[in-house]
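Residue numbers (this note's numbering): 8 to 180.
Shown next, in the form of structure tokens:
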């Protein structure tokens, strides 16, 4: 796929983010696992699916930020996210005039989640960040929050053991 298949971000910067596609697909597949929506009580809505993809993507990006060699792949992964969100917005009927504003808000939301999750892991408790971001301030039953926190913690721990090349090939355990 050349620049013609990219969303506005790829066209703007003239990059082909094809290299990030296997990893991005793995992030989305991981975020679509039913346990998030059943045991984790993430709302199975457009917003809930966005929030879950953002949570898994943030977990992967936080792992990648520990590696100097991952700066470009991280940027390409974020570009792939933007391209996907651009396509999703257009599919639900958002027009060209406002799609850029929506993408800007989504990128700000992803950036906010990166900071919140980074801080949550550093503090030893991701739950407050999950309630604020994954559940948009409305906490489900404590068991559901625990499930999401434990599952993201397991993902984080597994990613920490994988070599960068394995992750970049599309491994999201």
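C-beta atoms are modelled at their ideal positions from N, C-alpha and C, and glycine is treated no differently.
Every value quoted in this text rests on a predicted model; they were computed, and no experiment measured them.
For the pair residue 83 and residue 26, the CB atoms are nearer than the 7 Å cut-off.
Contact check for residue 155 and residue 49: beta-carbon distance about 7 Å, within the 8 Å limit, so the pair qualifies.
Look at residue 73 here: in three-state DSSP terms it is coil, with no helix or strand label. Residue 57 and residue 31 have their alpha carbons spaced roughly 13 Å apart. Within the same chain, 152, 155 and 156 come within 7 Å of residue 137 by CB-CB distance, once the 5 residues on both sides are set aside. Looking only at 53, 54, 61 and 52, the smallest Cα-Cα distance to residue 37 is reached by 61.
Residues 49 and 59 of the same chain have their beta carbon placed closer than 6 Å to that of residue 43, with the five preceding and five following residues left out of the count. Rounded to whole angstroms, the separation of the alpha carbons of residue 180 and residue 165 is 7 Å. In this structure, residue 34 and residue 63 form a Cβ contact; the two beta carbons are roughly 5 Å apart against a cut-off of 8 Å. Spanning the alpha carbons of residue 75 and residue 134 requires a straight line of approximately 29 Å. In the displayed model, residue 142 falls within coil according to three-state DSSP, outside both helix and strand.
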